[in-house]
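Q: One structure follows; several queries about it will come next.
Number of protein chains: 2
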Amino acid sequence: MSTYLDTGRGANRLVASLDAAGHRLTGPRLAVAELVAAREGHFTAAELLVDADRAQPGIGRATVFRTLDLFTSLGFVERVDLPGGDHAYVACDPVHHHHAICTSCGRSTDVDDVGLGNVLAAIGRRSGFSVTAHRLEIFGLCSACSAERP
Amino acid sequence: MSTYLDTGRGANRLVASLDAAGHRLTGPRLAVAELVAAREGHFTAAELLVDADRAQPGIGRATVFRTLDLFTSLGFVERVDLPGGDHAYVACDPVHHHHAICTSCGRSTDVDDVGLGNVLAAIGRRSGFSVTAHRLEIFGLCSACSAERP
DNA sequence: TATCTAGGTGATACTGTGTCTCATATGGAT
DNA sequence: ATCCATATGAGACACAGTATCACCTAGATA
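Residue numbers (this note's numbering), protein chains in the order written: chain P, 35 to 184; chain H, 35 to 184.
Rendered as structure tokens:
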């Protein structure tokens with residue numbers, strides 16, 4: 035779970051990032067940042083829209099999507115595709131990593147590349163494919179949930 | 035690239051699969067199967083709809099989607115998510131594997147699990163996560179395209 | 001071969017996500 | 001305090017995918 039979008043200490047990072055990329059720090063952006071940070075695990079655009087409307091009535095639908103896009107491009111949020119094919123978003127650290135998504139509670143854990151690089155290199159060697167990007171999503175039960183239902 | 039949906043020899047497999055699962059072999063299904071097999075690499079639903087309308091005018095939009103769903107559940111087709119976030123489909127073998135998608139020509143190559151199992155096991159061990167499913171998509175240049183533009 | 005029926009189809013309307021446009025508002029540089 | 005590029009909100013739009021429902025047909029049965 036990320037802390038990069040938390041209000042307080044974490045917000046500094048967001049502000050710095052927006053600033054560095056020449057984006058303004060606006061009310062709606064802060065509001066969306068707080069809503070995203072408040073969410074445990076992944077959420078759909080629809081859920082966030084409901085949140086946004088409750089937290090700050092009058093915030094535009096387009097603005098929420100735009101902000102989500104912006105945060106995605108800054109790496110604070112990532113789009114994931116659930117096993118069912120639905121789209122969702124998760125707050126995360128702006129460094130390369132992957133998500134392990136709990137199918138029970140919905141929370142996501144960031145995991146690093148533990149050896150995946152080698153796997154991709156092996157694939158490239160075998161197939162002549164020159165790998166430039168990849169996406170790995172992992173689904174299962176987080177430690178808390180698998181303890182609960184063994 | 036798969037041969038499972040090819041007409042001729044490959045169609046046997048499709049027929050057998052439909053039959054085994056208690057599905058009928060109908061005209062529209064064969065037509066869609068041929069269109070999918072004729073496509074090199076991934077394609078969007080929209081593209082297939084255009085194809086379908088050209089190949090067999092009168093074929094219903096819903097039928098194409100239904101057939102795509104059916105083939106997906108049989109494993110002959112898989113949904114992939116392009117880097118841009120768009121959905122696409124690819125014809126493929128009905129065994130567990132991953133796709134390496136060429137960002138230049140769009141063709142996809144099936145790759146097997148070369149060591150990914152170990153990676154997932156390592157992730158599980160580290161994080162206490164009990165992995166039940168995963169999705170790996172690889173993007174880059176296929177051998178032909180990377181030879182062309184070095 | 002004729003009959004029967006569960007499963008499949010096409011037409012159409014609908015839902016939901018995400019985008020576009022454009023007039024208005026505002027952050028933050030000066 | 002002023003100014004203007006950037007951001008916003010409203011609402012129309014585009015598109016993917018689903019639901020419904022009357023009709024049709026593959027293929028099992030007799």
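Note that beta-carbon positions come from the ideal geometry of N, C-alpha and C, so glycine has one too.
1. What's the gap between the Cα of P/A80 and the Cα of P/L175?
2. Please report the straight-line C-alpha distance between H/F110 and H/D127, rounded to a whole angstrom.
3. Check whether the Cβ of P/R113 lies closer than 8 Å to any Cβ atom in chain H.
4. For the 8 Å Cβ check, are there 3 or more pairs between the stretch 85-99 of chain P and the stretch 112-129 of chain P?
5. From H/F11 to P/G118, what does the alpha carbon distance come to, in whole angstroms?
6. In chain P, what lies closer than 9 Å to H/R169 by C-beta?
7. By a C-beta neighbour count over all protein chains shown, 10 Å radius and 16 as the cutoff for buried, is P/D85 buried or exposed?
8. Comparing the C-beta of H/C139 with each C-beta of chain P, is any distance below 8 Å?
9. Tell me, to the nearest whole angstrom, how far the beta carbon of H/A181 is from that of P/S161; I am working on the premise that it is less than 8 Å.
10. For P/A156, which of helix, strand or coil comes out of DSSP?
11. Nearest-angstrom Cα distance between H/A122 and P/G56?
12. Around the Cβ of P/R58, are there at least 16 other Cβ atoms within 10 angstroms (buried) or fewer (exposed)?
13. Determine the chain H residues that contact P/L154 at a beta-carbon separation under 8 Å, and present them in chain order.
14. Measure the C-alpha to C-alpha separation of H/T78 and H/V114 and round it to an integer number of angstroms.
15. How many angstroms separate the CA atom of H/F173 from the CA atom of H/V153?
16. Please give me, in chain order, every unbroken run of the alpha helix (DSSP H) with length at least 4 that falls completely inside the stretch 60-85 of chain P.
17. Find out if the Cβ-Cβ distance for the pair P/R169, H/E171 is shorter than 8 Å.
18. In the DSSP assignment, find the unbroken alpha helix (DSSP H) run with H/T97 in it and report its ends.
19. What distance in whole Å lies between the Cβ atoms of P/H131 and P/D146, which are believed to be in contact at a cut-off of 8 Å?
20. Would you say P/R58 touches the ligand SAM, meaning its beta carbon is less than 7 Å from a heavy atom?
21. For the stretch 96-107 of chain P, enumerate the residues whose C-beta is nearer than 7 Å to any C-beta of chain H, in chain order.
22. How would you write the range of the alpha helix (DSSP H) that P/C179 sits in, first residue to last?
23. Can you give me, in chain order, the residues of the stretch 78-95 of chain H that have a beta carbon less than 7 Å from any beta carbon in chain P?
24. Quick one: residues in its chain with C-beta nearer than 6 Å to the C-beta of H/C139, no 5 flanking neighbours on either side, listed in chain order?
25. What residues from chain H crowd round P/A134, counting only those whose CB sits closer than 8 Å?
26. Give the straight-line distance between the Cα atoms of H/G61 and P/R141, rounded to the nearest whole angstrom.
27. Using the beta-carbon of each residue, which ones in chain P are nearer than 9 Å to H/C176?
28. Using DSSP bridges, identify the partner residues of P/F173.
A: Well, looking at it:
1. Taking the first residue of the first sequence as position 1, residue 80 of chain P is located at position 46. Taking the first residue of the first sequence as position 1, residue 175 of chain P is located at position 141. When rounded, the distance between both Cα atoms is 24 Å.
2. For the purposes of this step, residue 110 of chain H is taken as the residue at position 76 of the second sequence. For the purposes of this step, residue 127 of chain H is taken as the residue at position 93 of the second sequence. H/F110 and H/D127: Cα-Cα distance of roughly 6 Å.
3. Indexing the first sequence from 1 puts residue 113 of chain P at position 79. Yes, P/R113 lies at the interface with chain H (some Cβ there is under 8 Å from its Cβ).
4. no
5. With chain H covering only 35 through 184, there is no way to say anything about residue 11 of chain H.
6. Taking the second sequence and counting its residues from 1, one reaches residue 169 of chain H at position 135. Correct list: D115, P117, R169, L170, E171, I172, F173.
7. Locating residue 85 of chain P in the first sequence gives position 51, where the first residue counts as 1. Looking at its Cβ environment, which holds 16 or more other Cβ atoms inside 10 Å, P/D85 is buried.
8. Translated into the one-based positions of the second sequence, residue 139 of chain H becomes position 105. So no, H/C139 is outside the interface.
9. Stepping through the second sequence from its first residue, residue 181 of chain H is reached at position 147. Stepping through the first sequence from its first residue, residue 161 of chain P is reached at position 127. Actually they are not in contact, since the Cβ atoms of H/A181 and P/S161 sit about 13 Å apart, beyond 8 Å.
10. Residue 156 of chain P sits at position 122 when you count from the first residue of the first sequence. Of the three classes helix, strand and coil, the one that applies to P/A156 here is helix, per DSSP.
11. The count along the second sequence starts at 1 and reaches residue 122 of chain H at position 88. The count along the first sequence starts at 1 and reaches residue 56 of chain P at position 22. Taking the straight line joining both Cα atoms gives about 34 Å.
12. On the first sequence, position 24 is the one that residue 58 of chain P refers to. Result: exposed.
13. Numbered from its first residue, the first sequence carries residue 154 of chain P at position 120. By Cβ distance, chain H contributes I172.
14. Residue mapping note: residue 78 of chain H aligns to position 44 of the second sequence, counting from 1. Residue mapping note: residue 114 of chain H aligns to position 80 of the second sequence, counting from 1. Cα to Cα, H/T78 sits roughly 10 Å from H/V114.
15. Here residue 173 of chain H refers to the residue found at position 139 when the second sequence is read from its first residue. Here residue 153 of chain H refers to the residue found at position 119 when the second sequence is read from its first residue. When rounded, the distance between both Cα atoms is 19 Å.
16. 61-72
17. Position 135 of the first sequence holds residue 169 of chain P. Position 137 of the second sequence holds residue 171 of chain H. Yes, the Cβ-Cβ distance between P/R169 and H/E171 is below 8 Å.
18. Numbered from 1 along the second sequence, position 63 holds the residue referred to as residue 97 of chain H. H/T97 -> alpha helix (DSSP H) spans 95-108.
19. Working through the first sequence from its first residue, we reach residue 146 of chain P at position 112. Working through the first sequence from its first residue, we reach residue 131 of chain P at position 97. Their Cβ separation, rounded to whole angstroms, is 5 Å, which keeps P/D146 and P/H131 in contact under 8 Å.
20. Only the bare structure without any ligand can be found here, which leaves the ligand SAM out of the picture.
21. none
22. Stepping through the first sequence from its first residue, residue 179 of chain P is reached at position 145. Residues 177-182.
23. none
24. To locate residue 139 of chain H, count along the second sequence from 1; it is residue 105. These residues qualify, in order along the chain: C179.
25. Here residue 134 of chain P refers to the residue found at position 100 when the first sequence is read from its first residue. The contacting residues are I157, S161, F163, V165.
26. Walking along the second sequence from the start, residue 61 of chain H turns up at place 27. Walking along the first sequence from the start, residue 141 of chain P turns up at place 107. In a straight line, the C-alpha of H/G61 is about 44 Å away from that of P/R141.
27. Stepping through the second sequence from its first residue, residue 176 of chain H is reached at position 142. Per Cβ cutoff of 9 Å: S161, G162, F163, S164.
28. Sequence index remark: in the first sequence, residue 173 of chain P carries index 139 (1-based). Answer is P/I135, H/A167.
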